[in-house]
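Note that the protein sequences, when read in sequence, are chains A and B. Residues are numbered in our numbering as their position in the first sequence, beginning at 1, plus a constant of 1234. Residues are numbered in our numbering as their position in the second sequence, beginning at 1, plus a constant of 1234. Idealized CB from N, CA, C, for every residue including glycine. Presented below is the structure to which this report refers.
2 protein chains.
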Amino acid sequence: MNIEAQERFRNFLKNARNHRITPERFEVMDAALQFEGHFGADDLYIKMKNNHSNVSRATVYKTLDLLAQCELLTKRNFGDNLNRFENNFFRSNHDHLVCKNCGKIAEFSHPGLREVANQIAADLGFDISGYSFNIFGKCKDGTKCRHTDE
Amino acid sequence: MNIEAQERFRNFLKNARNHRITPERFEVMDAALQFEGHFGADDLYIKMKNNHSNVSRATVYKTLDLLAQCELLTKRNFGDNLNRFENNFFRSNHDHLVCKNCGKIAEFSHPGLREVANQIAADLGFDISGYSFNIFGKCKDGTKCRHTDE
DNA sequence: ATTGCTGCAAAACGTTTGCACCTAT
DNA sequence: ATAGGTGCAAACGTTTTGCAGCAAT
């Protein structure tokens, strides 16, 4: 579908040792890049099944990790024991604000966070590969968000 | 065990509606506050079992969430589909650096992150309850950390 | 007396694995 | 020819749930 993304994935697979270029992997890539917003691996599997794909669940899970490794996707975790993926090809880096009531996810980007992360990693002797900044709270969206007063 | 913590938990249970004060809950509280470092709910359950407690797994899981709600514990998630808890009673707030190779977790605190989070939440109309800043990378601890070159 | 809590076991959930067959290299 | 990938189903580990009896209010 997307030539540039295909090219990046292909090169990633070629350069990583022992990775083969298969039609199934590109099928997963296409479906993943078409997904709007955040999605779980199983969401994608179901969606592909509904579209009459016969790529297996195992292949979907494995391929999504490969796509995250080559940074076509970003793997996110908002503290609910569910890995979510997000297109990282079209958009710039950003972080998330999660509503604990209704699950709504807002996005923001804050200049300087990257630099803070780099600095801390350097200070502590880590070879940084990424960071995640999640803010938790309750949104004020009356239509979606039941305000339990917990 | 710890009078001040007990008091806080007791008040939390009293003030929240429909929460009862039971011996099992304080048994879990004591065991949790004694745990050094990060622990999973099941870790605590096993440890209590080994100490001849007969509090059930269900009660441990439920009580840990209550303890996180009243901020005696902090619930963490480092993206590996496992909820970890950490004593939040004795220590000040801090964030984490996670080694993707060996799982080692380093801690840091960075002044200003709290303020950044507050500001962003305010801007986006969220009622903030907390934030998490995790940095991922590889540590340089030769003894623990196999440096696969992925 | 009410209704929340408990222990137990079973189920649920997302994810990973073992296997035999297949296919890219 | 080799070794990595595939689909399938079963297994995994963590967490949640249904239930009958129990206990805090």
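CB contact below 8 Å: residue i versus chain A
| i | result |
| --- | --- |
| F1342 of chain B | yes |
| T1382 of chain B | Low confidence applies here, because T1382 of chain B scores a pLDDT of 41, under 50, leaving its location unreliable; read the following figure in that light. Not an interface residue. |
Neighbour list for residue i in chain A, Cβ cutoff strictly below 9 Å
| i | result |
| --- | --- |
| S1326 of chain B | Result: empty, since nearest Cβ-Cβ is about 16 Å, beyond 9 Å. |
Contact with chain B by residue i, beta-carbon distance below 8 Å
| i | result |
| --- | --- |
| L1267 of chain A | no |
| S1363 of chain A | yes |
| N1315 of chain A | yes |
| S1366 of chain A | yes |
| A1355 of chain A | yes |
| S1311 of chain A | Looking at the sequence itself, residue 1311 of chain A is Asn, so the reference to Ser does not match. It does: the Cβ of N1311 of chain A has a partner Cβ on chain B nearer than 8 Å. |
| K1283 of chain A | no |
Under 7 Å from the C-beta of residue i: neighbouring residues of chain A
| i | result |
| --- | --- |
| V1350 of chain B | H1344 |
Beta-carbon neighbours of residue i, restricted to chain A and to distances below 8 Å
| i | result |
| --- | --- |
| F1193 of chain B | This structure gives no information on residue 1193 of chain B, because the portion of chain B shown stretches from 1235 to 1384. |
Neighbourhood of residue i by C-beta, 8 Å cutoff - its chain only, sequence neighbours within 5 removed
| i | result |
| --- | --- |
| H1328 of chain A | E1341, F1342, S1343 |
| F1246 of chain A | H1253, L1300, Q1303, C1304 |
| A1239 of chain B | M1263, L1267, L1306, F1323 |
| K1248 of chain B | I1255 |
| N1368 of chain A | F1312, G1313, D1329, H1330, L1331, V1332 |
| T1382 of chain B | Any reading at T1382 of chain B must be qualified, since the residue scores a pLDDT of 41, below 50, and its modelled position is unreliable; the value itself is stated next. Excluding residues within five positions, the ones whose Cβ falls inside 8 Å are N1335. |
| L1347 of chain B | D1329, Y1365, F1367 |
| A1265 of chain B | L1278, K1281, M1282, N1285, S1287 |
| D1375 of chain A | C1333, C1336, K1338 |
Environment of residue i [buried if 16+ CB atoms lie within 10 Å]
| i | result |
| --- | --- |
| T1256 of chain A | exposed |
| N1285 of chain A | exposed |
| N1321 of chain B | buried |
| R1251 of chain A | exposed |
| R1318 of chain B | buried |
| S1326 of chain A | exposed |
| E1261 of chain A | buried |
| I1237 of chain A | exposed |
| A1356 of chain A | exposed |
| A1292 of chain B | exposed |
| G1271 of chain A | exposed |
| G1371 of chain A | buried |
| M1235 of chain A | exposed |
| E1384 of chain A | With a pLDDT of only 29 at E1384 of chain A, under 50, the local geometry of the prediction cannot be trusted, and no value is derived from it. |
Contact set for residue i: own chain, Cβ-Cβ below 7 Å, skip 5 residues either direction
| i | result |
| --- | --- |
| R1244 of chain A | I1255 |
| A1351 of chain A | I1362, Y1365 |
| I1354 of chain B | none |
| F1273 of chain B | R1318, F1319 |
| V1289 of chain B | E1258, E1261, V1262, M1282 |
| R1242 of chain A | C1304, L1306 |
Nonlocal neighbours in the same chain, by C-beta distance under 6 Å from residue i, ignoring five residues either side
| i | result |
| --- | --- |
| T1308 of chain B | E1320, N1322 |
| Y1295 of chain A | A1275 |
| R1387 of chain A | Beyond the ends of chain A as shown, which are 1235 and 1384, falls residue 1387 of chain A; an answer cannot be given. |
| L1358 of chain A | none |
Distance cut-off 7 Å: residue i Cβ against heavy atoms of the ligand PLP
| i | result |
| --- | --- |
| K1372 of chain B | Judged by which ligands are present, the structure shown has none, so any question about the ligand PLP falls away. |
Extract the residue ranges of the alpha helix (DSSP H) inside the segment 1240-1270 of chain A, only unbroken runs of 4 or more that lie entirely within it. 1257-1268
Output the residue ranges of the beta strand (DSSP E) runs that lie fully inside the segment 1275-1350 of chain A and measure 3 residues or longer, sorted by chain position. 1307-1311, 1317-1321, 1329-1333, 1339-1342
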